[in-house]
């Protein structure tokens, strides 16, 4: 049963990392290359869509990692799993304090109502997101290492 939990958890976290990596290095660069109005509308739509899905995914990932750490407490690799959980907690805190406030503003932007500093806010979100991606990649890497 523990093996199944380990695999499911690793896949769920890995898919989350893949989505966030794609946002940072594929989707946003594509949107940034579009004319301003299209890019603003695309980012706003992405903020609404992913803003609804990703919180559930982050919490589910954290819960799965916590259950893995508890269920496998006396097994090798538990320290890696606990450290991965700490990194996922950090990513949730970063999201709540740094990214969600910008995301909540950005999801309402249109070419007509965007604030004058919208590019600065967009760039700030991107910088915070790069750091968050690095944190969750580290967590995922630790989970993979714990499987061996």
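Residue numbers (the working numbering): 25 to 172. All residues carry an ideal CB built from backbone N, CA and C; glycine is no exception.
Residues near residue 168 by beta carbon distance below 7 Å, same chain, minus five either side:
In the same chain as residue 168, and ignoring 5 residues on each side of it, the C-beta atoms closer than 7 Å to its own belong to 34, in chain order.
How should residue 44 be labelled, buried or exposed, when 16 other C-beta atoms within 10 angstroms of its C-beta is the threshold for buried?
Flag for residue 44 reads buried.
Secondary structure at residue 58, three-state DSSP: helix, strand or coil?
Coil, per DSSP.
Just curious, the alpha helix (DSSP H) that residue 153 is in, first and last residue?
Start and end: 142-171.
Of the residues 117, 140 and 106, which one's Cα is nearest the Cα of residue 82?
Nearest option by C-alpha distance: 117.
With distance defined between alpha-carbon atoms, name the residue in 30, 25, 29 and 41 nearest to residue 156.
Of 30, 25, 29 and 41, the residue nearest in Cα terms is 41.
Mark residue 60 as exposed unless 16 or more other C-beta atoms lie within 10 angstroms of its C-beta, in which case mark it buried.
Residue 60 is exposed by the Cβ-count criterion.
Flag this pair as yes or no: are the beta carbons of residue 123 and residue 152 separated by less than 8 Å?
Yes, they are a contact pair.
What does the alpha-carbon distance come out to for the pair residue 62 and residue 137?
For the pair residue 62 and residue 137, the Cα-to-Cα distance works out to about 14 Å.
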